[in-house]
Structures are given as structure tokens and as C-alpha cells.
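Heads up, the thing below is written out as C-alpha cells.
Numbering (the UniProt record's numbering), first residue to last: 1 to 167.
What follows is the structure, given as C-alpha cells:
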């Protein structure tokens, strides 16, 4: 017999296709995971920045001999159920009405903020919660939650928690 039969040709093409699709699927999965990891790193850094900003504000209040939660709890709105958002670049704390806004990225400076640039996929929310029952007057639980949605995946969160004290 000369040449290939139809069955041999189909088997050869199937093996060739599987040989190409297998590595392609692995590469696609690796790229997807790399994107998720990149977003997790950005979210963690945004959460850390929010945490440090609130702690610094509390310390600044203490050094200025004003109430330790001034600008954080009342006008800052971090005590309400929706929380607040911080803009470390401009030094502001703003209460969230229903949801906090998307964090923006300024590509010219490479800085994340809430004023200029294009919206990112990240939302940063800061919550200041009483601790204990009845609540202690000199302690608050500080939670920073950064949420985002992957392109074809579920909403993800990074949550950092810290306790601050009036000392």
C-alpha cells in the first residue's frame, strides 16, 4: 500500500493538535496566574498604604495634643458602615457614601491615588471598629479591605487588620 489511509491521517493530525494544545493550555494558565499574582501584590501594597496612613494620622493627632481619632472617625467617616477611603498623595480621609470609589493610577507619575489618573480595578475601603463589649474607649480595630474583580474570575479581597490604641 502506498500513501496514508484516511484513518492514519486523522490519527496523525489528532496527535499533532494535542501536542500543540497541551503546552498552549499550560502557557495560558501561567499567564492568567501571573496577572492574578500581580493584582494581589498591588492590592496588598494599597492595603498597607491605607493602614500606615491611618496609623500615621492617629500618631500625628497624639503629637499635636488633639483627640487621637480627629479626622478619622467623624469627618473622615471611617466609623460608618460604608467606611472611608484614604488618599495618601493628598493627605485626605473621606467617608464613602454607599461604596468607595475606584483607586486611580496616574501613569505619568506611577502613583495610585483618588484624584487624578485612570480608574483601576481596585477599591480600597477603611473601617474603624470598636473593640469589646462594651466597647473600649481607647482601642479600635482598623481594617483595610482592597477589592477587585479579575477579568474572568470572582471578586477577590486583601484584608489587613491592626489594632490602634489611644496612648
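Each residue gets a CB set at the ideal place from its N, CA and C atoms; glycine is no exception.
The model shown is predicted, which means the values in this text are computed figures rather than measured ones.
- Straight-line measurement puts the Cα of residue 44 at about 32 Å from the Cα of residue 134.
- At a Cβ-Cβ threshold of 8 Å, residue 131 and residue 146 do not count as neighbours.
- Under the DSSP assignment, residue 113 falls in the beta strand (DSSP E) whose first and last residues are 111-113.
- Per DSSP, residue 101 is not a residue of any alpha helix (DSSP H), being assigned neither H nor E.
- Residue 93 and residue 72 do touch by the CB rule: their CB atoms are close to 6 Å apart, below 8 Å.
- Beta-bridge analysis with DSSP links residue 85 to 94.
- Residue 116 sits in coil when the DSSP states are folded into three classes, being neither helix nor strand.
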